[in-house]
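Asker:
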Amino acid sequence: EADIYQTPRYLVIGTGKKITLECSQTMGHDKMYWYQQDPGMELHLIHYSYGVNSTEKGDLSSESTVSRIRTEHFPLTLESARPSHTSQYLCASSSGVQGTSGGSTDTQYFGPGTRLTVL
Amino acid sequence: KNQVEQSPQSLIILEGKNCTLQCNYTVSPFSNLRWYKQDTGRGPVSLTIMTFSENTKSNGRYTATLDADTKQSSLHITASQLSDSASYICVVSDRGSTLGRLYFGRGTQLTVWP
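Chains as they are written, first to last, in my numbering: chain A, 1 to 119; chain B, 120 to 233.
1. I need the boundaries of the beta strand (DSSP E) containing Ser199(B), first residue and last residue.
2. So, for Gly102(A): in the same chain, excluding its five sequence neighbours on each side, which residues have a beta-carbon less than 6 Å away from its beta-carbon?
3. With respect to the beta strand (DSSP E) encompassing Thr189(B), which residues constitute its N-terminal and C-terminal limits?
4. Assuming Ser199(B) contacts Val231(B) (C-beta within less than 8 Å), just tell me the rounded distance between them.
5. Does Met32(A) get closer than 8 Å to chain B when you measure Cβ to Cβ?
6. Rank Tyr50(A), Leu119(A) and Leu43(A) by C-alpha distance to the C-alpha of Asp59(A) and give the top, closest one.
7. Who pairs with Tyr181(B) in a beta bridge, going by DSSP?
8. With DSSP collapsed to three states, give me the class of Ser80(A).
9. What is the rounded straight-line gap between the Cα of Ser67(A) and the Cα of Leu133(B)?
10. What residues match up with Ser49(A) in a beta bridge as DSSP calls it?
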């Protein structure tokens, strides 16, 4: 069982509200990620971080923002939630070990996810 | 375009039976391929990882195969159990990326009936 936690697990909120999804890991991993997943669809990377004070946007454009002030903590914030933000948000972390053939062979460990519903 | 395609989209089998899930990919240059299991309402959990030099990897009742020439992989589940009911996701990583860019399939939803 991976030591990566997400809160809240479920969130129902009205349009226009500001929300923060929390993600914490106790494995000391440098790399952390946020994915968005709709039912029956693939995971899409929306943010990632190589370490403290490092944040990058992923492949899927997102109106959310992230911060990485501490190694173990990678919160995601939506300043003004909209119904289009309704989705499952998954946080992950990895140690960042590089494979000898190039690329990364380290395994990403996922949190349980936050199911967000914006009314 | 780098893509990962999985089939079937969904599968129902009886407890104790075997099944095989398929994954085709076009990711290049290829680094490695992972199979993840995702229970409903949970995050994915890694089952196996294979690099281009490996053609089979087992994890208990799960056996993954990889044919890097045809860019195909399969996940075979032996003697299925009710707890095997989940979505199985094929994930391919490209080479030469420090991030280890991952390409996700949409998953095969497996249901095991008693």
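Glycine is no exception: its CB is placed at the ideal position from the N, C-alpha and C atoms. Predicted model only: the values in this text are computed from it and were never measured.
Answerer: Based on what the coordinates show:
1. In the second sequence, counting from the first residue as 1, residue 199(B) sits at position 80. Element bounds for Ser199(B): n/a, residue is neither H nor E.
2. Locating residue 102(A) in the first sequence gives position 102, counting from the first residue. Residue confidence is low: Gly102(A) scores 44 on pLDDT, short of 50, so the model does not pin down where it sits. No coordinate-derived value is stated.
3. Taking the first residue of the second sequence as position 1, residue 189(B) is located at position 70. No beta strand (DSSP E) contains Thr189(B), which DSSP labels as neither H nor E.
4. Position 80 of the second sequence, counted from the first residue, corresponds to residue 199(B). Position 112 of the second sequence, counted from the first residue, corresponds to residue 231(B). That pair is a contact at about 5 Å.
5. Locating residue 32(A) in the first sequence gives position 32, where the first residue counts as 1. With 8 Å as the cut-off, Met32(A) does not count as an interface residue toward chain B.
6. Position 59 of the first sequence, counted from the start, is the residue given in the question as residue 59(A). Checking every option, the nearest Cα to that of Asp59(A) belongs to Leu43(A).
7. The sequence position of residue 181(B) within the second sequence is 62, counting from 1. Tyr181(B) is bridged to Asn178(B) and Ile196(B).
8. Here residue 80(A) refers to the residue found at position 80 when the first sequence is read from its first residue. Reduced to three states, the DSSP call for Ser80(A) is coil.
9. For the purposes of this step, residue 67(A) is identified with residue 67 of the first sequence, where counting begins at 1. For the purposes of this step, residue 133(B) is identified with residue 14 of the second sequence, where counting begins at 1. Approximately 46 Å, taken between the alpha carbons.
10. Sequence index remark: in the first sequence, residue 49(A) carries index 49 (1-based). Answer is Met32(A).
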